[in-house]
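**Student:** Before anything else, here's the structure in question.
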Amino acid sequence: MFESLSEKLEGALQSVTGQGRINELNVAETMREIRRALLNADVNYQVAKEFTNNVKEKALGEDVLTSVTPGQQLTKIVYDELTRVLGGEHVEIEYAEDPPTVILVAGLQGSGKTTFCSKLAKHLRSKGRAPLLAAADVYRPAAVDQLQKLASGINVPVYTVSDDDGKPVQDAVRVAEEAVEEARNTARDVVIIDTAGRMHIDEAMMEEVSTIKSAVDPNEILFVVDSMTGQDAVNTAKEFNEQLDYDGVVLTKLDGDTRGGAALSIRSVVQKPIKFASTGEKLDALTEFYPDRMAQRILGMGDVVSFVERAQEQYDEKQAEKLQEKIRSEDFDLQDFYDQLQRIQKMGSVKDLLGMIPGVGRQIKDLDVDDDAFKHIEAMIQSMTPKERSHPEILNGTRRRRIARGSGVEVRDVNQLIKQFREMKKMMKTMSKLTGQGRSMNLKKLMSKFGGGNSPFPGM
Ligand SMILES: Nc1nc2c(ncn2[C@@H]2O[C@H](COP(=O)(O)OP(=O)(O)O)[C@@H](O)[C@H]2O)c(=O)[nH]1
Ligand SMILES: [Mg+2]
């Protein structure tokens, strides 16, 4: 689904990775790439423009997180914006307080209405409801047959009106009205009305659907649209909405090689929620539409998004600034280091966290990252007095022996910790000069300073 768009978006975001921090220049460039990716996917021009403007504004306005790279942070912002254009929240079908709930399904011919009606019936049944299908596409006998065939497979009754020869009576409004009556009489609590579509929007079709609407006063009108048709889908959605003022959109054929334009544009253009997505011809290929899940699929970087979310949860601006200042002025001591270790561990297992850094994931997959190694480091620091933590230079032989005993390690482990801490501090200082404010500290590089016996990363 949306492979090309996904690829291009990831490409655009990955090009920011590794750069020091978010700035006007790299954001502008990334936005150009993202806009191109969206337009390539046939996203409405206005929607694409607004999308990149919003992302840019947020990127330049947001607090810079120390524990993530600019690329990761931008990924999260793009993800949030994708979720927003897809509708933000999931929107449920509205059920009638007094059953039956009447659902009217409209759309062009071939968009997938009949298939969707059957899928919806199956879906609702699995939720404990008792649907009745109404075959209000009365002009082609094959249409009624199709619905009956699909419905018999799932054991859902279909309401039809036939003449003496068994041919469907060509009165869609009558079928719809009687179906609602039938549901009431047979204790069916949802009526799904499948209507006729045309190849193109025409007045007769619109008028018929509008007449059904006024006749049965549906609780829910769903507009079905083939997502493969790109911007045409958006235009059709607009016209149907002007006529019917529908309640929700059903995107079909998302399993095909649709580029994504319809999915990403419809919500913004018609201001109606996408409620369902259809992903195949089989009757179980229907999902309730969740904008955040879809955004994650499009971006294909769900792990980065949740990483940044967790970093944001742990983020404390004042604390971060204090830390930066300490690094700059070389006041960063073992107590600060200890606090950072605690913070990192609160965010999850170290291997998980490292795996979420783009490019790192694959490298460490087979490594045996030992979270316990951190425990040793922590234990050693815990065995130090506050003064020792802030002035590691006073750690003479006697003190080191005491610390080793107190934390259950060998003296050489303590020696190593002190040596490594000194090296790390040097590196942090250099990094902080290189990146201006040292904001994008690379966790892996930092931790790799802890080589040897206590290293959480064997071989580093
Ligand atoms: N691949 C795919 N095909 C679908 C999907 N939904 C419907 N179709 C197919 O599209 C064609 C038209 O569907 P139909 O329900 O008859 O459309 P209607 O004219 O709007 O009632 C049929 O061949 C369906 O099997 C879908 O989500 N994915
Ligand atoms: Mg049909």
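For the record, in the sequence shown the residue sitting at position 201 is 201 according to the UniProt record's numbering, with numbers rising by one throughout. Think of the CB as a built atom: it goes at the ideal place given N, C-alpha and C, for glycine as much as any other residue. These numbers come from a predicted model, not from an experiment.
If you reduce the DSSP assignment to three classes, tell me which class G248 lands in.
**Tutor:** Of the three classes helix, strand and coil, the one that applies to G248 here is strand, per DSSP.
**Student:** Kindly examine ligand 1 and report whether one of its heavy atoms sits closer than 6 Å to the Cβ of T52.
**Tutor:** False, no ligand heavy atom lies under 6 Å from that Cβ.
**Student:** According to DSSP, is P100 helix, strand or coil?
**Tutor:** P100 falls in the coil class under three-state DSSP.
**Student:** Confirm, please, whether the CB-CB distance from V85 to V308 is below 7 Å.
**Tutor:** Contact flag unset, no.
**Student:** Taking the CB atoms as reference points, tell me whether S118 and A151 lie closer together than 7 Å.
**Tutor:** Cβ distance < 7 Å, so S118 and A151 count as in contact.
**Student:** Is the beta carbon of T114 within less than 6 Å of some heavy atom of ligand 2?
**Tutor:** Yes, Cβ of T114 sits closer than 6 Å to a heavy atom of ligand 2.
**Student:** To the nearest angstrom, how far is the alpha carbon of S210 from that of A37?
**Tutor:** Answer to the nearest angstrom: the Cα atoms are 38 Å apart.
**Student:** Spatial neighbours of F332 within its chain, please: C-beta separation below 7 Å, excluding the five flanking residues on both sides.
**Tutor:** Hits under 7 Å: K326, K425, M428.
**Student:** For the 8 Å Cβ check, are there 3 or more pairs between the region 254-264 and the region 126-133?
**Tutor:** Touching, no, given that fewer than three Cβ pairs across the two stretches are closer than 8 Å.
**Student:** Report the three-state DSSP secondary structure of T430 (helix, strand or coil).
**Tutor:** It is helical.
**Student:** Alpha carbon to alpha carbon, how far is E208 from A187? Give it in angstroms, no decimals.
**Tutor:** Rounded to the nearest angstrom, the two C-alpha atoms are 27 Å apart.
**Student:** Residues in the same chain with beta-carbon distance under 7 Å from Q109, minus the five sequence neighbours each way, listed in chain order, please.
**Tutor:** Answer for Q109: G197, R198, M199, listed in chain order.
**Student:** Quick one: Cα of G438 to Cα of Q335, how far?
**Tutor:** Low per-residue confidence applies at G438: pLDDT is 37, beneath 50, and the placement is therefore not dependable, though the value from the model is reported in the following sentence. Those two C-alpha atoms are separated by around 19 Å.
**Student:** For A12, which of helix, strand or coil comes out of DSSP?
**Tutor:** Looking at A12 - three-state DSSP - the assignment turns out to be helix.
**Student:** Could you check what DSSP says for S278 in three-state terms: helix, strand or coil?
**Tutor:** Residue state, collapsed to three classes: strand.
**Student:** Just verifying my parser: in three-state terms, what is the DSSP assignment at P168?
**Tutor:** Correct three-state label for P168: strand.
**Student:** Considering only residues of the same chain and omitting the five flanking positions on each side of R422, which have a CB-CB separation below 8 Å?
**Tutor:** Excluding positions up to five away in sequence, the list reads P392.
**Student:** Below 8 Å on the Cβ atoms is my contact criterion, and I expect Y159 with L299 to pass it. Report the Cβ-Cβ distance as a whole number of Å.
**Tutor:** That pair is no contact at about 43 Å.
**Student:** Using beta carbons (cut-off 7 Å, strictly below), is A183 in contact with chain B?
**Tutor:** The structure shown has no chain B; it contains just one protein chain.
**Student:** For D194, which beta-bridge partners are listed by DSSP?
**Tutor:** V105, A135, per the DSSP bridge assignment.
**Student:** Return the residue from the list E24, V27, N219, K113 that minimises the CA-CA distance to D98.
**Tutor:** The residue with the shortest Cα to Cα distance from D98 is N219.
**Student:** Quick one: what does DSSP say T75 is sitting in, helix, strand or coil?
**Tutor:** Note: T75 maps to helix in three-state DSSP.
**Student:** Measure the alpha-carbon distance for P100 versus E177 and round it to whole angstroms.
**Tutor:** So the two alpha carbons sit approximately 12 Å from each other.
**Student:** Taking the alpha-carbon positions, what's the D87 to F223 distance?
**Tutor:** A quick correction: the sequence has Gly, not Asp, at residue 87. Distance between the alpha carbons of G87 and F223: 16 Å.
**Student:** What is the DSSP secondary structure of E288, reduced to helix, strand or coil?
**Tutor:** Strand at E288.
**Student:** Could you check if V27 is buried or exposed, using at least 16 other CB atoms within 10 Å of its CB as the buried criterion?
**Tutor:** That one is buried.
**Student:** In terms of residue numbering, what span does the alpha helix (DSSP H) encompassing I212 cover?
**Tutor:** Run containing I212: 203-216, per the alpha helix (DSSP H) assignment.
**Student:** Taking contact to mean 3 or more Cβ pairs, one atom from each stretch, closer than 8 Å, check whether the region 49-60 and the region 228-241 are in contact.
**Tutor:** The region 49-60 vs the region 228-241: no contact.
**Student:** According to DSSP, is Y95 part of a helix, a strand, or is it coil?
**Tutor:** If DSSP states are grouped into helix, strand and coil, Y95 belongs with coil.
**Student:** Could you check the C-alpha separation between G280 and T287 for me, to the nearest Å?
**Tutor:** Straight-line Cα distance between these residues: approximately 11 Å.
**Student:** Are there three or more Cβ pairs, one per stretch, closer than 8 Å when the region 244-258 is compared with the region 134-153?
**Tutor:** Short answer: they don't touch.
**Student:** Exposed or buried, what is S4 when buried is set at 16 or more other beta-carbons lying within 10 Å of its beta-carbon?
**Tutor:** S4 is exposed by the Cβ-count criterion.
**Student:** Can you find the residues in the same chain that come closer than 6 Å, C-beta to C-beta, to G436, ignoring five residues on each side of it along the sequence?
**Tutor:** Note that G436 scores 44 on pLDDT, short of 50, meaning its location in the model is unreliable; the coordinates nonetheless yield the value given after this. Excluding positions up to five away in sequence, the list is empty.
**Student:** Does DSSP put D226 in a helix, in a strand, or in coil?
**Tutor:** DSSP places D226 in strand when its eight states are reduced to three.
**Student:** Below 6 Å, is the gap between the Cβ of A143 and the nearest heavy atom of ligand 2?
**Tutor:** Result yes, Cβ under 6 Å from ligand 2.
**Student:** To the nearest angstrom, how far is the alpha carbon of T385 from that of D63?
**Tutor:** Their Cα atoms are separated by approximately 35 Å.
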